[in-house]
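Undergrad:
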Amino acid sequence: MAADSPSPNGQSFQLPSYKDQSPEVKERFQRIYQRPVVMNVKALGKVFESGKGPVEVLQNINFQIHRREFICILGQSGCGKSTLIRMFAGLEEPTSGTVEIAGQEEPTEGAGVGVMTLKPVEGPGPDRGMVFQSYTLFPWLTVKKTSCLACGKRELPKRPPKKKPKNGSIWSG
Ligand SMILES: Nc1ncnc2c1ncn2[C@@H]1O[C@H](COP(=O)(O)OP(=O)(O)O)[C@@H](O)[C@H]1O
Ligand SMILES: [Mg+2]
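Quick note on the numbering used here: the sequence shown kicks off at -15 and runs consecutively.
(1) Starting from I57, trace the alpha helix (DSSP H) both ways and give me its first and last residue.
(2) Thinking G29 and S80 are a contact (beta carbons under 8 Å), I'd like their distance in whole angstroms, please.
(3) Where G59 and S66 are concerned, what is the direct C-alpha to C-alpha distance, given to the nearest angstrom?
(4) Pick out every residue whose C-beta is nearer than 5 Å to a heavy atom of ligand 1: which are they, in chain order?
(5) Just the C-alpha distance for S34 and L75, rounded to the nearest angstrom, thanks.
(6) Measuring CA to CA, which of T101, I85 and F116 is closest to G109?
(7) Tell me whether Q43 counts as near ligand 2, meaning its Cβ is closer than 7 Å to at least one heavy atom of that ligand.
(8) Got a sec, what are the start and stop residues for the alpha helix (DSSP H) Q14 sits in?
(9) Nearest by alpha-carbon distance to I49: which of F32, M71, G37 and R19 is it?
(10) Under the three-state reduction of DSSP, which class applies to M71: helix, strand or coil?
(11) What's the call for I57, buried or exposed, on a 16-neighbour Cβ count within 10 Å?
(12) Which residue comes first and which comes last in the alpha helix (DSSP H) that contains S131?
(13) With a 10 Å radius around its C-beta and 16 neighbouring C-beta atoms as the bar for buried, classify I45 as buried or exposed.
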């Protein structure tokens, strides 16, 4: 699909659709979609109870993520991005539907892609990491070091905050 737009000289020209892909990009996506599925989101929905009654935040979300696929979730503030990611992390329970993630790849005989068995998310686990938007970040660490906190060595960051904690909490590390 393409959109007609007026040019400064009054003539209209065709803007390419954001869905249009170059042959190279199209081919790359086709290759990605041949890889094993590592996350399967099926009919996912979330309803929060509020003082004014139930609020349906997410309804019938369906998609698959393939191995080494990089995806972004875009949407205006309050549309449910964090709720969706919290359900992937196992920090929030879906009201309906399921999130399945791949376990360890089981090697097949000979060369080729191993089998990845999908299992439903039933809570948080070391196979998934979530970097929160605020409060839980460590501003003196790089993005990489913050992301790596949850995996591998589970040590506290070396440098304590410069300001003394006001609430009397103790910093150790
Ligand atoms: N624990 C909760 N209880 C009730 N409503 C919530 C809760 N968490 C989020 N919401 C509501 O769900 C909607 C989506 O929130 P959120 O997922 O944080 O959006 P986003 O991350 O896209 O900004 C908002 O209207 C928010 O107020
Ligand atoms: Mg958010």
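All C-beta atoms, glycine included, are put in the ideal place defined by N, C-alpha and C.
TA: Taking the structure as given:
(1) In the sequence shown, the residue the question calls residue 57 occupies position 73. Where I57 is concerned, there is no enclosing alpha helix (DSSP H), given that its DSSP letter is neither H nor E.
(2) Indexing the sequence shown from 1 puts residue 29 at position 45. Indexing the sequence shown from 1 puts residue 80 at position 96. Indeed they touch by this definition, with Cβ atoms about 4 Å apart.
(3) Position 75 of the sequence shown, counted from the start, is the residue given in the question as residue 59. Position 82 of the sequence shown, counted from the start, is the residue given in the question as residue 66. Those two C-alpha atoms are separated by around 10 Å.
(4) Every residue with a CB closer than 5 Å to a heavy atom of ligand 1 is listed here in chain order: F32, V41, S61, G62, C63, G64, K65, S66 and T67.
(5) Here the question's residue 34 lines up with position 50 in the sequence shown. Here the question's residue 75 lines up with position 91 in the sequence shown. Roughly 19 Å between the two C-alpha positions.
(6) As a working mapping, residue 109 is identified with position 125 in the sequence shown. The shortest C-alpha separation from G109 is found at I85.
(7) If you number the sequence shown from 1, residue 43 lands on position 59. No, the Cβ of Q43 stays beyond 7 Å of every heavy atom of ligand 2.
(8) Locating residue 14 in the sequence shown gives position 30, where the first residue counts as 1. In the DSSP assignment, Q14 falls within the unbroken alpha helix (DSSP H) covering P7 to Y17.
(9) As a working note, residue 49 is residue 65 in the sequence shown. Between I49 and the set F32, M71, G37 and R19, the nearest pair of CA atoms involves R19.
(10) For the purposes of this step, residue 71 is identified with residue 87 of the sequence shown, where counting begins at 1. Three-state result, M71: helix.
(11) By 1-based counting over the sequence shown, the position of residue 57 is 73. Classification for I57: exposed.
(12) In the sequence shown, the residue the question calls residue 131 occupies position 147. Taken as a continuous stretch (DSSP letters only), the alpha helix (DSSP H) holding S131 covers V127 to C132.
(13) Here residue 45 is taken as the residue at index 61 of the sequence shown, counted from 1. It is buried - the Cβ of I45 has at least 16 other Cβ atoms within 10 Å.
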